[in-house]
Amino acid sequence: MAVLVEVCDLVKGFPDGRGGWLSVLDGVSVRVDGLVCVLGPSGCGKSTLLNVVAGLEPSDGGQIRFYRDGHRVERDEVRIGYVFQDPRLLNWRTVEENVEFGLHSLPLPAAARKARVRAYLQLVGLEDFARQFPLFLSGGMRQRVGLARALALEPDVVLMDEPFSKLDEITARELRQELLGIQARLGQRILFVTHNPAEAALLGDRIYVLSGRPARVVAEVSNPIPKPRHAEAPEVAALARDIVGYLGAGQGAVSRRTFLVSGMAWVVGAVVAGLGSSVWLPGVWAQARVEVSVAAVGATGLLIRLVKDLGLDRKHGVELHVVPLTVADAERAVVQGRVPVGIFNPISAVRALAEGHALKLFAPFLLNHNFLLVRAESPYRRLEDLRGKRVGSLSKISGTYNTLAAILYAKGLGDPERYFQLRFGEAVPLITLMERGDLEAVALFEAHVSRLLATGRYRVLLEFNEEFRRMTASDNLFIALAAKPAWLEANGTTARQIRAALAEAVGAFRQNPVGFLERYGREIFGLETAAEIQLAARRLRGIYTARWDRAFLDRQIRQLRLVQARGDFLPSHVSPEEVFWP
Amino acid sequence: MSVVWEQGQARDWLRRGAEYSTDVLRFYVAPVLAVGLAWYGISAAGWVPATLLPSPERVLGRVVEAAGSGVLTAHLALTVRRVVVAFAAALVASLPVGAAMGFSRGLERLLTPWLVVALSIPGLIWALITLLLFGLSELTVYTAIGAGLLPMFVVNWWQGVKALDRDLLLMARVYRASRWRVAWDVVLPQLLPQLFASARYGLAWGWKIVVVIEMLGFGNGVGYLLYESYHLFSMERVLAWTLAFLSVMLVLEYGVLAPVERRWTRWRPRVTFGG
């Protein structure tokens, strides 16, 4: 009976009243297969999204598809419950009559209907108020009636439109916990719209972050926090902070272009993913189909794009299905087993291993190329100038942060969190913050750096790779594809095929970096002019490697040992040897 | 509906009953008694000739006598029937027009000027026109009163429909409510408050105009009785019929309309001012 709702590239607008057109949803894609939160600033079109899904408003483009047990069904065949922002009760009908209202559409005898009403009123704790009229109840109780009305339908899908936003925090908390409990018990598909990051972090199995109007999905975050979750848990607060970062990116005009770039990369990723599944050909069936999570922007996105577009995966007997995620989430996806294969930073891999998540790196991807950027006109010259300053970094489990930490420990400066005033976030929000002057410096993975340097407004204060070379007389670590040991044991051949496909893509790029950047640079890096492309080609020429021989791995291991030795940052009881699959 | 009596409920009911009777005493009985006493005092003092201000007991005596003979009740019943029938007909006939105006922008623009005109026509003009058209028949009274009430009710439905909560209609659509259920559970209850307000106003207007029409040559109804008394120069009878007429109106207002309204709006918390 499991129902799945897929919203694909939904487009919706309204006349703006002055003869123009106001675009509200601009290609929003959401997949509802659990408790899914859609988070966005107020007025960004979240309610419109729900109304279109509910069939209350027609869409202007895109599709909404309903599946039951994998088979496509019409909306009319799916029971939909809707909890509105205001309770939307019939104030002239009693609480029980309100709950009953939705049940008249079901073929239920009166007695069964009444019994169900009682059961769901009990579920929301209102059985003693069944005969009351709504206006005699408190706001929280009224919202509960709305919840009972939706749930009593025993719907396949529940749409929730900021249902707790107008309540006092105490009541809202109570209801959120209740909702988590109810969903855990009944397992409905819930599309929960909110503007409250903490709420999304607490409730959502997956969280889609929308930009301001016109709304696009700027991030899809899977909630790694195990259930039961609690509002006070520090992980929830941390995840909420992460999400606030994404939200920030949706605002402020400065970020729009950078933003567009990442948005487009998303689309590219989706198209790549779509191709992967739609060009199944007879004879290709025998090929192993592997889902790979990668960061869609920047150099990771470029390499995987080459693999797909040149058909290198098929050529080597494997079908890669690309799941585009942000850098940090791509790593999380592998740890959580959402995808079998994904990019991983070796430092992150050692830390993951130390925390009991065994992972093995098995195919080289690209240099762990990170930079500390400052504004061109700022007075900072050395890392030490930034002591106590506001510095942004990719999230704590990212390779960027781990490398930064390794460098700081190695230089004897200690914990970066204490050395700087650190702000964690994803790349685009961090860039926005720096554009606004809220950050003095930002540590970024290569993905956005080409684009930022091309504007001339920024300069590199610290190139992590050079720093490493100075410290260790060899190159920095390489980000690689990782998988769980069990998967590698079972799919050794496939893993080698992926490795070969990547190696060939690296070779192709090295031969003609400018040509490829002319083709993909605009979509993946946001490069516009020939000069920008030239600059990026120079910077990216040496970023990929195809080597995975013993000497290469030994160097990687030596690097990791150095990081372990130079501070108490990376746990030294784990042997770096274990994270590599030769 | 089953009524479950519990101890607390019974006590509560008694307490509320006592409160209610105190209220009635203070706000209705006492003022009426005071006015009656003043009337009695003035007429007993003999300052005003009894032909101009008959004593209350003589007026009441005449009411009782006429009621007992059945004359008064027959005329009263006729008048009440005329108002109620015209009222109901206008209410029903106005619904499609008003609703259409509420739903259609075009009809709204087309009909609004006509509505303004209809509302400004004095009831007496309708009475004269219908009298000339239909003569001294019941149809004359019904049409005259109905024509006056119709535009008032059209405004009622029109504004009511325009004020319908669109969000609730969408809610009903999400929950796949049938047309009938939407009408009964969602739309009608929203129109009721406005309906009660215009019903009060319409009834009051109907009482005034029916008496005038009946005076124009009809041989029956309270209007005819009053007209007759006027020609007899009998203040005693004018006051008696007026008193009887007023009591019927009050019974309709407080005995029928108010309880029905209370019943239909009990979902609304009463607003109380002060302590």
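If you're matching them up, the sequences are chains H and L in order. For the first sequence, the numbering used here assigns the number 1 to the initial residue and increments by one for each residue that follows. For the second sequence, the numbering used here assigns the number 1 to the initial residue and increments by one for each residue that follows. We treat Cβ as the ideally placed atom computed from N, Cα and C, and that holds for glycine. All of these numbers come straight from a predicted model, not from anything done at the bench.
Under the three-state reduction of DSSP, which class applies to residue i: helix, strand or coil?
i: Arg423(H); result: strand
i: Tyr380(H); result: coil
i: Gln564(H); result: helix
i: Pro197(H); result: helix
i: Ala279(L); result: An answer regarding residue 279(L) cannot be provided, because it is not within the stretch 1 to 275 covered by chain L.
i: Val63(L); result: helix
i: Ala237(H); result: helix
i: Trp92(H); result: coil
i: Asn345(H); result: coil
i: Trp21(H); result: strand
i: Ala219(H); result: strand
i: Gly392(H); result: strand
i: Phe133(H); result: coil
i: Lys162(L); result: helix
i: Leu488(H); result: helix
i: Ile190(H); result: strand
i: Phe103(L); result: helix
i: Val294(H); result: strand
i: Pro151(L); result: helix
i: Phe87(L); result: helix
i: Phe580(H); result: strand
If you measure from the beta carbon of residue i to each beta carbon in chain H, is any gap under 7 angstroms?
i: Val3(L); result: For Val3(L), the pLDDT reaches just 46, beneath the cut-off of 50, and the residue's location in the model is therefore unreliable, leaving the point undetermined.
i: Val174(L); result: yes
i: Leu170(L); result: yes
i: Asp185(L); result: yes
i: Arg181(L); result: yes
i: Asp278(L); result: Nothing about residue 278(L) can be read from this structure; chain L reaches only from 1 to 275.
i: Pro259(L); result: no
i: Trp267(L); result: yes
i: Pro193(L); result: no
Using a beta-carbon distance below 7 angstroms, is residue i in contact with chain L?
i: Ala148(H); result: no
i: Arg88(H); result: yes
i: Gly56(H); result: The identity of residue 56(H) in the sequence shown is Leu, whereas the question assumes Gly. Chain L contact via Cβ: present.
i: Ser165(H); result: no
i: Gly102(H); result: yes
i: Ser105(H); result: yes
i: Met160(H); result: no
i: Leu488(H); result: no
i: Phe133(H); result: yes
i: Trp92(H); result: yes
i: Phe136(H); result: yes
i: Tyr82(H); result: yes
If residue i and residue j are in contact, beta carbons under 8 angstroms, what's the gap, nearest whole angstrom?
i: Trp241(L); j: Leu225(L); result: 5 angstroms
i: Ala443(H); j: Leu404(H); result: 5 angstroms
i: Ala299(H); j: Glu446(H); result: 5 angstroms
i: Arg510(H); j: Trp548(H); result: Rounded, the Cβ-Cβ distance is 16 angstroms, inconsistent with contact.
i: Tyr120(H); j: Val99(H); result: 6 angstroms
i: Cys8(H); j: Ser29(H); result: 5 angstroms
i: Pro134(H); j: Val145(H); result: 6 angstroms
i: Leu50(H); j: Leu202(H); result: Not a contact, Cβ separation roughly 20 angstroms.
Can you name the residues that DSSP bridges to residue i?
i: Cys8(H); result: Gln63(H)
i: Gly81(H); result: Val158(H)
i: Ser211(H); result: Looking at the DSSP assignment, Ser211(H) forms no beta bridge with any residue, so it has no partner.
i: His71(H); result: Arg68(H)
i: Val28(H); result: Leu10(H)
i: Asn370(H); result: Phe445(H)
i: Leu126(H); result: Answer is none; Leu126(H) lacks a bridge partner.
i: Pro364(H); result: Ala480(H)
i: Val38(H); result: Val193(H) and Tyr208(H)
i: Val3(H); result: Arg68(H)
i: Pro416(H); result: BP columns for Pro416(H) are empty, so no partner.
i: Arg583(H); result: With chain H represented from 1 up to 582, any question about residue 583(H) goes unanswered, as that position is not in the structure.
Please confirm if residue i has its CB atom under 7 angstroms from at least one CB of chain B.
i: Gly139(H); result: Judged by its chain identifiers, the structure shown contains no chain B, and its protein chains are H and L.
inquiry  = Report the start-end ranges of each alpha helix (DSSP H) in the segment 189-245 of chain L that is 4 residues or longer and not cut off at the edges.
reply    = 222-231
query = What runs of the alpha helix (DSSP H), each 4 residues or longer, lie entirely inside the segment 517-551 of chain H?
reply = Counting only runs of 4 or more, we get 530-540.
inquiry  = Could you tell me which whole alpha helix (DSSP H) segments of length 4 or greater appear in the segment 8-81 of chain L?
reply    = 30-45 and 56-69
Sequence ranges, beta strand (DSSP E) only - wholly within the segment 424-473 of chain H, length at least 3 = 441-445 and 458-463
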